[in-house]
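Residue numbers (our numbering), protein chains in the order written: chain A, -10 to 268; chain B, 667 to 889.
To start, the structure under review is shown below, and the notes come after it.
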């Protein structure tokens, strides 16, 4: 399991209700420097490049997605009051939102594909009742089966609706712990199943939809992912509302990236960081 | 000196990620010479974007690519439903195809940047959406109609790309693409209702619309 992009954890689901407490005396100055934001990008890079923590967490550089090179590091003696003050101006959110990349079994992936497929079977006639009623029939289904064409739809559908729905599909898989490439792949499978076995009830499978839904959807999804994480981690209510609005999967029960952070520290001798990981 | 050069090549090769899936995207500027029937042609300038998803080895990369752009073409002559007519129109162009790319390892024009070249077949859809009809134009086609051409052709491209150790460093690229396409089939579509696709007719359209397309793209590896 990976916490955010840069930190890999060996926590299993059996540990899900445990509160993992890390004694981190050596990390204390580092965390203070970053206003206890363990997941701030610089800290993430510092952690990934400089530390191995044996109690509950370890860090792997090779499996990261967003390690940024850094060119600064402050030792405890380097931290002065001015720096501390400037970093303490940031709000400390109660939760940290991020994405956890982890391995998935074939059966788990099959369940996700089946779940999304079932949802499309229900949603397609509900969202486009006129099209299904006027154009749909099993005769049309048989005629369209296996056919792949360029559709003649208006740009509204091809450049707006399909990429938007593709982005939410991508974010669904991201919320379920798939990394970016795997999320694109899973979106492609889900989208292809819809195109070749559901939508053909009314029209043949479309080349544009087949490509644009997962690919443009993922490009858009990466943008939404970054913006929503920024908004959700601002610590203010409006930011959280907007973040959830553009990335609704962060509100749902299966979202794996919500981490509660309770920092306790003092500057003089010791400190403790408590992480609660919600599965 | 030869040894030094060899070491330099080895060092630069260390900086490129390989054996990984990649998604790339970029913004494009296009310049095309589009030909209608009766010898009419127009130079079109447009903007758009491209995406590539594929697998990268050390020197080779195989992608599924998409190029999309919008522009305007004036005074081209078209033929549809037995009528020949001339008009100004907006052109939307989308093309897809598998592409094979070769990264030239032996030369770096700038530190950690390398040239590449590639090619592939393309399948495209070109949509002609008419502006308001000319006063003297007796055509039945107006701004409520669009001509949609299925075209076939190929891509040939050349570019320069940043070589980075990790794809998470979002290496950038600049690409010049040439593409030739000619139409195969035409469908006339009534576009009054955007929620419904109403195809009025389908006919063969061999070379009724063709063109040489040049495109400059600046993009990055997204993931």
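All C-beta atoms in this analysis are idealised placements derived from N, C-alpha and C, irrespective of residue type, glycine included.
Treat the numbers as computed from the prediction; the structure is a model and nothing was measured.
- About 4 Å separates the beta carbons of residue 876/B and residue 848/B, which is inside the 8 Å limit, making them a contact pair.
- Sequence-distant Cβ neighbours of residue 203/A in its own chain, meaning closer than 7 Å and more than five residues away, are 155, 173, 176, 177, 180.
- Listed in chain order, the non-local C-beta contacts of residue 709/B below 6 Å within the same chain comprise 699, local neighbours out to five positions each way being set aside.
- DSSP places residue 162/A inside the alpha helix (DSSP H), whose first and last residues are 151 to 164.
- Assignment of beta strand (DSSP E) within the region 693 to 774 of chain B, counting only whole runs of 3 or more residues, yields 707 to 722, 726 to 746, 749 to 769 in chain order.
- In this structure, the beta-carbon distance from residue 216/A to residue 235/A falls below 8 Å.
- For residue 812/B, the closest alpha carbon among the candidates 242/A, 109/A, 131/A, 144/A is that of 144/A.
- With the criterion set as a beta carbon lying under 9 Å from some beta carbon of chain B, the members of the region 134 to 154 of chain A are 138, 139, 140, 141, 142, 143, 144, 145, 146, 147, 148, in sequence order.
- For residue 130/A and residue 139/A, the gap between their C-alpha atoms comes out near 17 Å.
- About 6 Å separates the beta carbons of residue 845/B and residue 819/B, which is inside the 8 Å limit, making them a contact pair.
- Residue contact check for residue 758/B against chain A: a CB pair falls below 8 Å.
- Fewer than three pairs of CB atoms, one per stretch, sit closer than 8 Å, so the region 760 to 772 of chain B makes no contact with the region 855 to 866 of chain B.
- Residue 790/B and residue 733/B have their C-alpha atoms spaced approximately 9 Å apart.
- Closer than 7 Å at the C-beta level to chain B, one finds these residues of the region 184 to 202 of chain A: 196, 197, 200.
- Taken through DSSP and simplified to helix, strand or coil, residue 235/A comes out as helix.
- Taking 8 Å as the cut-off, the beta carbon of residue 822/B is found no closer than this to the beta carbon of residue 883/B.
- By the Cβ test, the region 88 to 99 of chain A is not in contact with the region 227 to 241 of chain A, since fewer than three Cβ pairs between them sit closer than 8 Å.
- For the region 161 to 182 of chain A, the residues whose beta carbon sits under 7 Å from a beta carbon of chain B are, in order, 169, 170, 173.
- The alpha carbon of residue 184/A has as its nearest neighbour, out of 109/A, 149/A, 83/A, the alpha carbon of 109/A.
- Using a Cβ-Cβ cut-off of 7 Å, residue 205/A is close to 717 of chain B, given in chain order.
- Bounds of the alpha helix (DSSP H) holding residue 98/A are 95 to 116.
- Interface flag for residue 211/A against chain B is set, since a Cβ pair is found closer than 8 Å.
- Under the three-pair Cβ rule at 8 Å, the region 94 to 105 of chain A counts as touching the region 151 to 166 of chain A.
- Distance check between residue 238/A and each of 226/A, 250/A, 210/A, 249/A places 210/A closest, using alpha-carbon atoms only.
- Scanning chain B for C-beta atoms nearer than 8 Å to the C-beta of residue 208/A yields 689, 691, 717, 888, reported in chain order.
- Inter-residue distance for residue 727/B and residue 720/B is about 7 Å (C-alpha atoms, whole angstroms).
- Short of 6 Å from the beta carbon of residue 151/A, and not among the five residues preceding or following it, lie these beta carbons of its own chain, in chain order: 198, 201, 202.
- For a cut-off of 8 Å, the C-beta gap from residue 827/B to residue 837/B is around 6 Å, short enough to register as a contact.
- In this chain, the alpha helix (DSSP H) harbouring residue 132/A covers 127 to 133.
- The beta carbons of residue 808/B and residue 796/B sit closer together than 8 Å.
- Within the DSSP secondary-structure output, residue 784/B pairs in a beta bridge with 767/B, 823/B.
- By the Cβ neighbour-count rule, residue 147/A is buried, with 16 or more other Cβ atoms within 10 Å of its own.
- Beyond the five residues adjoining it in sequence on each side, residue 729/B comes within less than 6 Å, by CB distance, of 718, 720, 765 in the same chain, given in chain order.
- Closer than 7 Å at the C-beta level to chain A, one finds these residues of the region 842 to 861 of chain B: 853, 855, 857, 860.
- If you compare the alpha carbons of 123/A, 86/A, 136/A, 105/A with that of residue 864/B, the shortest gap goes to 123/A.
- Cβ-Cβ distances below 6 Å link residue 682/B to 829 in the same chain, with the five nearest sequence neighbours on each side left out; the list follows chain order.
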